[in-house]
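Number of protein chains: 2
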Amino acid sequence: MRACKPSRIAQVIALSLAAMAIPAHAAKVTVLTAGQIHTMDTAHPRAQAMAYDDSGAILALGDSASLLAKYPKAARIDVGTATVVPGLIDAHGHVAGLGLAKLRANVVDTRSKAEVLQRLREFARGLPPDTWLLGRGWDQNDWPDKQFPTAADLDAVFPDRPVWLRRVDGHAAWGNTAAMRVVKRDLEGDWQPDGGQILRDTQGVPTGVFVDAAMDLIEAAMPAMDEATAERALVLGMQSAVEHGLTGVHDAGVSLSQLHAYQRLADRRAMPLRVYAMADGDGAALDALCKGGLYRHAGGRLEMRALKLYADGALGSRGAAMLEPYSDDHANRGLLLMKPEELARVTARARECGVQVATHAIGDRGNREVVEAYAQALGKAHPAEYRWRIEHAQVLSPEDLPRLAPLGIIASMQPTHATSDMPWAEDRVGPQRIVGAYAWRQLRDTGTRLALGSDFPVESVDPRLGLYAATTRSDAEGTPLGGWHPEEKLTAYEALRGFTLDAAYAGFAESRVGSLVPGKRADFVVLAQDPLAIPPAQLRTLDVQATYVDGRPVYRAGGGVGASPR
Amino acid sequence: MRACKPSRIAQVIALSLAAMAIPAHAAKVTVLTAGQIHTMDTAHPRAQAMAYDDSGAILALGDSASLLAKYPKAARIDVGTATVVPGLIDAHGHVAGLGLAKLRANVVDTRSKAEVLQRLREFARGLPPDTWLLGRGWDQNDWPDKQFPTAADLDAVFPDRPVWLRRVDGHAAWGNTAAMRVVKRDLEGDWQPDGGQILRDTQGVPTGVFVDAAMDLIEAAMPAMDEATAERALVLGMQSAVEHGLTGVHDAGVSLSQLHAYQRLADRRAMPLRVYAMADGDGAALDALCKGGLYRHAGGRLEMRALKLYADGALGSRGAAMLEPYSDDHANRGLLLMKPEELARVTARARECGVQVATHAIGDRGNREVVEAYAQALGKAHPAEYRWRIEHAQVLSPEDLPRLAPLGIIASMQPTHATSDMPWAEDRVGPQRIVGAYAWRQLRDTGTRLALGSDFPVESVDPRLGLYAATTRSDAEGTPLGGWHPEEKLTAYEALRGFTLDAAYAGFAESRVGSLVPGKRADFVVLAQDPLAIPPAQLRTLDVQATYVDGRPVYRAGGGVGASPR
Numbered sequence: 001m002r003a004c005k006p007s008r009i010a011q012v013i014a015l016s017l018a019a020m021a022i023p024a025h026a027a028k029v030t031v032l033t034a035g036q037i038h039t040m041d042t043a044h045p046r047a048q049a050m051a052y053d054d055s056g057a058i059l060a061l062g063d064s065a066s067l068l069a070k071y072p073k074a075a076r077i078d079v080g081t082a083t084v085v086p087g088l089i090d091a092h093g094h095v096a097g098l099g100l101a102k103l104r105a106n107v108v109d110t111r112s113k114a115e116v117l118q119r120l121r122e123f124a125r126g127l128p129p130d131t132w133l134l135g136r137g138w139d140q141n142d143w144p145d146k147q148f149p150t151a152a153d154l155d156a157v158f159p160d161r162p163v164w165l166r167r168v169d170g171h172a173a174w175g176n177t178a179a180m181r182v183v184k185r186d187l188e189g190d191w192q193p194d195g196g197q198i199l200r201d202t203q204g205v206p207t208g209v210f211v212d213a214a215m216d217l218i219e220a221a222m223p224a225m226d227e228a229t230a231e232r233a234l235v236l237g238m239q240s241a242v243e244h245g246l247t248g249v250h251d252a253g254v255s256l257s258q259l260h261a262y263q264r265l266a267d268r269r270a271m272p273l274r275v276y277a278m279a280d281g282d283g284a285a286l287d288a289l290c291k292g293g294l295y296r297h298a299g300g301r302l303e304m305r306a307l308k309l310y311a312d313g314a315l316g317s318r319g320a321a322m323l324e325p326y327s328d329d330h331a332n333r334g335l336l337l338m339k340p341e342e343l344a345r346v347t348a349r350a351r352e353c354g355v356q357v358a359t360h361a362i363g364d365r366g367n368r369e370v371v372e373a374y375a376q377a378l379g380k381a382h383p384a385e386y387r388w389r390i391e392h393a394q395v396l397s398p399e400d401l402p403r404l405a406p407l408g409i410i411a412s413m414q415p416t417h418a419t420s421d422m423p424w425a426e427d428r429v430g431p432q433r434i435v436g437a438y439a440w441r442q443l444r445d446t447g448t449r450l451a452l453g454s455d456f457p458v459e460s461v462d463p464r465l466g467l468y469a470a471t472t473r474s475d476a477e478g479t480p481l482g483g484w485h486p487e488e489k490l491t492a493y494e495a496l497r498g499f500t501l502d503a504a505y506a507g508f509a510e511s512r513v514g515s516l517v518p519g520k521r522a523d524f525v526v527l528a529q530d531p532l533a534i535p536p537a538q539l540r541t542l543d544v545q546a547t548y549v550d551g552r553p554v555y556r557a558g559g560g561v562g563a564s565p566r
Numbered sequence: 001m002r003a004c005k006p007s008r009i010a011q012v013i014a015l016s017l018a019a020m021a022i023p024a025h026a027a028k029v030t031v032l033t034a035g036q037i038h039t040m041d042t043a044h045p046r047a048q049a050m051a052y053d054d055s056g057a058i059l060a061l062g063d064s065a066s067l068l069a070k071y072p073k074a075a076r077i078d079v080g081t082a083t084v085v086p087g088l089i090d091a092h093g094h095v096a097g098l099g100l101a102k103l104r105a106n107v108v109d110t111r112s113k114a115e116v117l118q119r120l121r122e123f124a125r126g127l128p129p130d131t132w133l134l135g136r137g138w139d140q141n142d143w144p145d146k147q148f149p150t151a152a153d154l155d156a157v158f159p160d161r162p163v164w165l166r167r168v169d170g171h172a173a174w175g176n177t178a179a180m181r182v183v184k185r186d187l188e189g190d191w192q193p194d195g196g197q198i199l200r201d202t203q204g205v206p207t208g209v210f211v212d213a214a215m216d217l218i219e220a221a222m223p224a225m226d227e228a229t230a231e232r233a234l235v236l237g238m239q240s241a242v243e244h245g246l247t248g249v250h251d252a253g254v255s256l257s258q259l260h261a262y263q264r265l266a267d268r269r270a271m272p273l274r275v276y277a278m279a280d281g282d283g284a285a286l287d288a289l290c291k292g293g294l295y296r297h298a299g300g301r302l303e304m305r306a307l308k309l310y311a312d313g314a315l316g317s318r319g320a321a322m323l324e325p326y327s328d329d330h331a332n333r334g335l336l337l338m339k340p341e342e343l344a345r346v347t348a349r350a351r352e353c354g355v356q357v358a359t360h361a362i363g364d365r366g367n368r369e370v371v372e373a374y375a376q377a378l379g380k381a382h383p384a385e386y387r388w389r390i391e392h393a394q395v396l397s398p399e400d401l402p403r404l405a406p407l408g409i410i411a412s413m414q415p416t417h418a419t420s421d422m423p424w425a426e427d428r429v430g431p432q433r434i435v436g437a438y439a440w441r442q443l444r445d446t447g448t449r450l451a452l453g454s455d456f457p458v459e460s461v462d463p464r465l466g467l468y469a470a471t472t473r474s475d476a477e478g479t480p481l482g483g484w485h486p487e488e489k490l491t492a493y494e495a496l497r498g499f500t501l502d503a504a505y506a507g508f509a510e511s512r513v514g515s516l517v518p519g520k521r522a523d524f525v526v527l528a529q530d531p532l533a534i535p536p537a538q539l540r541t542l543d544v545q546a547t548y549v550d551g552r553p554v555y556r557a558g559g560g561v562g563a564s565p566r
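Top to bottom, those sequences are chains A and P. Residue numbers for the first sequence follow full-length UniProt numbering, so the first one is 1 and each next one is one higher. Residue numbers for the second sequence follow full-length UniProt numbering, so the first one is 1 and each next one is one higher.
Have a look at this one:
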C-alpha cells in the first residue's frame, strides 16, 4: 500500500479545501435553466435555474430571470422543458462485476460451434496477448450437433490463450487445454469433486466441460486479474453507470487491489462519478482503514470508510439464514456465513476504527443477528452517528422491523430485488413471513432511512428500473396489476430520495451531494420527463438526456462523454 | 344532563363487556368472502374471508376454504370479486352541519322569483308548521327582473312561517316579514350595523335583504333548534356519511345539547355509525367531561372525551394567524382566536381532566402557539399517551414540522383542503412558506401520525375524494398534471390508513376499529374495485357497494339501509 497509502481523512479534507480556494472573481459561472429542477431540498423543493462555478460548486438556485440577472456573464445551458434532478446514487452495486461482464465474450444464441469460434475470434482481437478469454452463454441444444463441445474445438483456434466459457445456465463451463493446464491436480482418472462433475472420455481424459462445483477447479486457479484489466473493468462499469444517470455508486465490497485500481484512475482524473467503496470483509482493506485511517481521494470522487460483511446467503438458493425452516424446504433454515461471536468481534473492531459497517443480511435470522451485533457494538451512546447499514434487509421478523430506527441503522434496499423475487419469494418464506419481506413502507414508518440501489450486475444498473419497482411493485409487464403487496409501495418522491439524498446520507456525503443546494456539488441528471409528474408506470422509460458530475457532463444521450478532465 | 349523565368510562367498559358475554355456542356466525380483504393489519395484510359473530365481533380472518370449514353452519355473505376494507373514519367533520345543509331549501339556478317560490312551497310540505324555512342559492342576476327581491314576495306565500334565504355567495340573505319580526330592535330608520347593510325603501322600511354583518341581526335572534330538528340533522348527516363508506366520524365541535341529541339517538339505536364527539370549546360540554368523566355510550357508537378549540381563522379569508404578514396583504398577519395564556389555561385544565385536546390551527403562528401550549401542558412525561391533536395543521414553519412527533401530537389533516386551496394558497403565503403547507409527507417523515378527514360540509363528505386528493394532489380534472407539490403525495395505502387505523388511533379506538383483526368490531366497506390496485386517479370513482357497522349493513348501493337494529 506504499504508493497510495490512505491518508487520514482530516488531512485530505484540508487538501481539498485548499484546492478549492479559487478567488471568487476568477470563477467562471454557468447558469443552467430547465423546465423544472427538483432540488430534493425540502425548504426549496423546486427551481427553474441553477448557477454553479467552474469548480463544480453550486452557487444559487432560483428562477431563470433572477439568476441570469445575478450572473449576466455566465455561460448558459438551457435544457428546455427537461427536468433536472440531483445525480442518482446507487447505494449498492458492484462496479468491477458490471465491467467484467462487459469484458466477457457473449456467445448467447449461437447456432453452431463455428459461430461460437467466430465470435471468440473477433472478441480476442481487443484482448492483450496471453490474457484469458472469458465468455458466457453457449447452449449445445441450439447447435446441429447437440453433443457437449470439447477442449479440442477451442484448441484449434486458441492453442495458447486460455479460454473459459460458462454455459447459458451458469451450471457448466467449457474450457480449452490452456485453461485446464492451470489446475495442479491431475484432472485425468475417475475421481470427481464434491457437488460437481468433470466430463471425461472413455480413457479418463477430461473433455473440457466442467459441471457445477467442478468449475471451481479452474476458476480458483485462474491468475489474479492484472492491473490493466482491473482498471478496464472499473472504467467500463463506471461508464455504464453514468450512462444511466448515476453520479455515485456505493461499491459493496472492494479489495485492497481494487482500491488501488480506483486510486490510479482517480489520480488520472479518469473517474466519471463518485465511488464510495466498502472494504471487502475482515481482511487487508479493513486493516488498511484501521491503520491508515478513513480514506478520501483529494479529487472528491473516491472514498473508503466502510466495511462490507456477509451475514448469510441468498433467498433464491435458500442460503439466507431463517429463524424457522424454509416453507418450501422444511429441513432447511439456510446458513449464517459469520458466527455471532465473529460478527461481534469484527463489528467491535470496526467501531474502534471509526469504520462504518454494512452487512449483507437476507433472512430473518441473518437480519436479527446483525441488529443484535450492531446494538452490542454501538452501545447506547448516539448509535445513529455511526450510520451502520444492513445491505438488502430483505426478510425481517415483525419484531425486528422497529429495531433499526432507534439504532440509526440504515436499510440499504434494492427495489428491483422485490420485483425479481416476487414470483417465488412467498414459496420460500410462506404467507406469514412474506409480510416482513421487502417491507419498505413498514421500515419507513418506524423511522428507518432507506438508501436505495440495484445490486448491479445481479440486477440491471439502470436506476429507472429501481424507481419503477419502488413505486409500482410490478414487473416490466405491469404484473401483478396494482403491485405485489401494494401496501409497501413508495411514492415517486420517496423513491427518488432513496436514490439521492438518503443514499448520500448512507455514504456520509449529504453535505456534498444528494440534493441541489448552494455549496454542494453540481451533480445532476437531465431527464426528458418529470419523474414526479408522470405516472409511476412510465418511470421505466424516462429518457436520461445527460449526466453531470461537478458541473461537467460525463454522459450525453446520443454521444457519450468520457471522464471529465478534472 | 340528568337523564343521560356521562358515566365514568371504566363503568361503561365494564357494562359493555358484560353485554358481550354471550355464550360462544349461541353466537350466530357470518362468514364473508370477497375478492380480497385489506385488513390494514400489517402482520396479516390480506385475507379472502372474515368470520364475525352476531354481536359484530370479528372471530377470524383467512382464506375462504378454511373459514368455511371452521364455521360450517355460518351464514354466508359472498361479495364476489369486490374488495373489503375496514370502515372508513372521517377524523374531522361536522355531522349537524352536513345534515342541516339537507334541511335547507335549495334555490340555486332558479330563473325567476316564481321558481324560487315554487321550490319553497314544495320544500315546506315536509316541514312541521311554524318552523323556519331556511334556504340558500338565489341570485337575482339570473332572473328577468334583476332587482333585489323583497319580503313581500315571500309574504305572499308564507305570511306566518319565517323564511330566510342566503344568496348564492353567502354575502346577503332575503327574509320575509315573519323572519324580520324576531329582531327586537326597530329595523326601520337610517342606522346600519358595523360591517353590514340593511336594504331599505325610501321611507326607511327594510325591504327584506340583509348584507354581510346585517344578516347577524336575524340569525342571532332565530330560535334555537328544537330537539326534533337537531336529531333530524344528525340523522341526515350520519346517513349521508354511511352512504359514502364511513363507519365513523369525529365530530369536531359538539355542544352539550347536540350531545344530548346524539344520546337520544344512541338510546334508540338510531346511530348507523360511530361518532367520536369533541366538546365545542371551553364551555358546558368540557365542564360535563371534567365533572362527569369521559363519556362512552354503552352501545359503542357514541363517545366524548375530547375538546375542540380554535387557535386561529382560515387561510382563504386571511384569518389564519401567521408569523409574518400575508404575501398578498402586507399589513395583515391574521388573528389568534385564543390568547396564548388562555390556551395555556384551557389545555392545563383539559390535561387535569384527562380530556384530549384537538385545536384548529391553520397559520404558522397558530400552529406554533398550539405546539407550545401542548408542550407546556403535557410536560415531558409520556406526552404521546395523551394523543393531542392539531386540526388542519395546515401551514407550519419548517422548524415546527419536527416538533409534533416527539410530543405525540397527531396531525388531523384534510387532503381535499389542499386541492381546494391550491389555486390561491401560494398567493397567501408565498413560495417559501408554501413548502410547509399541507406537508403530509414531511410530517410523516418526522414520525407524525396523520389522521385524515374532510371537514365536511366545508368539503364533500365523500372520503373517495380524500383518498384521491391524498394520492394525486390534483383536482377533479387531474390538474395540475402530476400533482401540486408532488413530493407531499401519499401512497394509496397510507391514505387508506389515514382514513382507517390512524383515524381510529386519533380517537383512542384502535383496539376496537380501524383494522380487521379478530376481537375488533366488524366495521367494513365493500368496494367494487381494489383501492390499492387501481391507479390513484381512479380512487375518485370507487364504487361503494355497502357499508357495515358491527357486522350489520347500514348502507347498500341501490337500496339504503336504516340504522342497524341494535
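For each residue, glycine too, the CB sits at the ideal point set by N, CA and C. A quick note: this is a predicted structure, and the numbers were derived from the prediction, not measured.
For Glu477 (chain P), there is no enclosing alpha helix (DSSP H), as DSSP gives it neither H nor E. Under DSSP, the beta-bridge partners assigned to Glu303 (chain P) are P:Tyr276, P:Arg296. Glu122 (chain P) is classed as exposed because its beta carbon has fewer than 16 other beta carbons within 10 Å across all chains shown. Thr472 (chain P) has a beta carbon lying at 7 Å or more from every beta carbon in chain A.
Between Arg46 (chain A) and Ile58 (chain A) a beta carbon distance of about 15 Å is seen, past the 8 Å cut, so the two are scored as non-contacting. About 6 Å separates the Cβ atoms of Pro463 (chain P) and His244 (chain P), confirming a contact at the 8 Å cut-off. Counted as a single uninterrupted DSSP element, the stretch harbouring Leu539 (chain A) is not any alpha helix (DSSP H), since DSSP gives it neither H nor E. Across the segment 458-490 of chain P, CB contacts with chain A closer than 9 Å involve Thr471, Pro480, Leu481, Gly482, Gly483, His485, Pro486, Glu487, Glu488, Lys489, Leu490, in sequence order along the chain.
At the C-beta level, Leu256 (chain A) and Ala284 (chain A) come within 7 Å of one another. Membership of Leu133 (chain A) in any alpha helix (DSSP H) is not indicated; the residue belongs instead to the beta strand (DSSP E) covering 133-138. In this structure, Ala173 (chain P) lies near Phe210 (chain P), with their beta-carbon atoms less than 7 Å apart. Per DSSP, the continuous alpha helix (DSSP H) segment holding Glu369 (chain A) begins and ends at 364-378. Annotated as distal: Ala288 (chain A) and Gln356 (chain A), with beta-carbon spacing of 7 Å or more. In the three-state reduction of the DSSP assignment, Asn106 (chain A) falls in the strand class, which pools E and B.
For Thr347 (chain P), the enclosing alpha helix (DSSP H) starts and ends at 340-353. Here Pro325 (chain P) really is in contact with Ala331 (chain P); their C-beta atoms are around 7 Å apart, less than 8 Å. For Gly237 (chain A), the enclosing alpha helix (DSSP H) covers residues 227-243. Take Ala451 (chain A), set aside five residues on each side of it, and the residues of its chain with a beta-carbon closer than 6 Å to its own are Ala91, Ile410, Ser412, Asp502, Ala503, Ala506, in chain order. The beta-carbon separation of Val254 (chain A) and Ala277 (chain A), rounded to 4 Å, stays under the 8 Å limit for a contact. Residues of the segment 390-424 of chain P with a C-beta atom less than 7 Å from some C-beta of chain A are Pro398, listed in chain order. Taking the C-beta atoms as reference points, Tyr262 (chain P) is found nearer than 7 Å to Leu302 (chain P).
Beta-bridge analysis with DSSP links Lys291 (chain A) to no other residue. If only uninterrupted alpha helix (DSSP H) runs of at least 4 residues are considered, those enclosed by the segment 442-479 of chain A are 463-472. With respect to the 7 Å criterion, Tyr493 (chain P) and Glu510 (chain A) are not classified as neighbours on the basis of their beta carbons. If you look at Gly208 (chain P), you'll find it in the beta strand (DSSP E) that goes 206-212.
Within the same chain, and ignoring the five residues on either side of Leu127 (chain A) in sequence, no residue has its Cβ closer than 6 Å to its Cβ. Assignment of beta strand (DSSP E) within the segment 500-532 of chain A, counting only whole runs of 3 or more residues, yields 524-527 in chain order. Taking each of P:Gly354, P:Gly319, P:Ser460 in turn and checking the Cα distance to Val395 (chain P), the smallest one comes out for P:Gly319.
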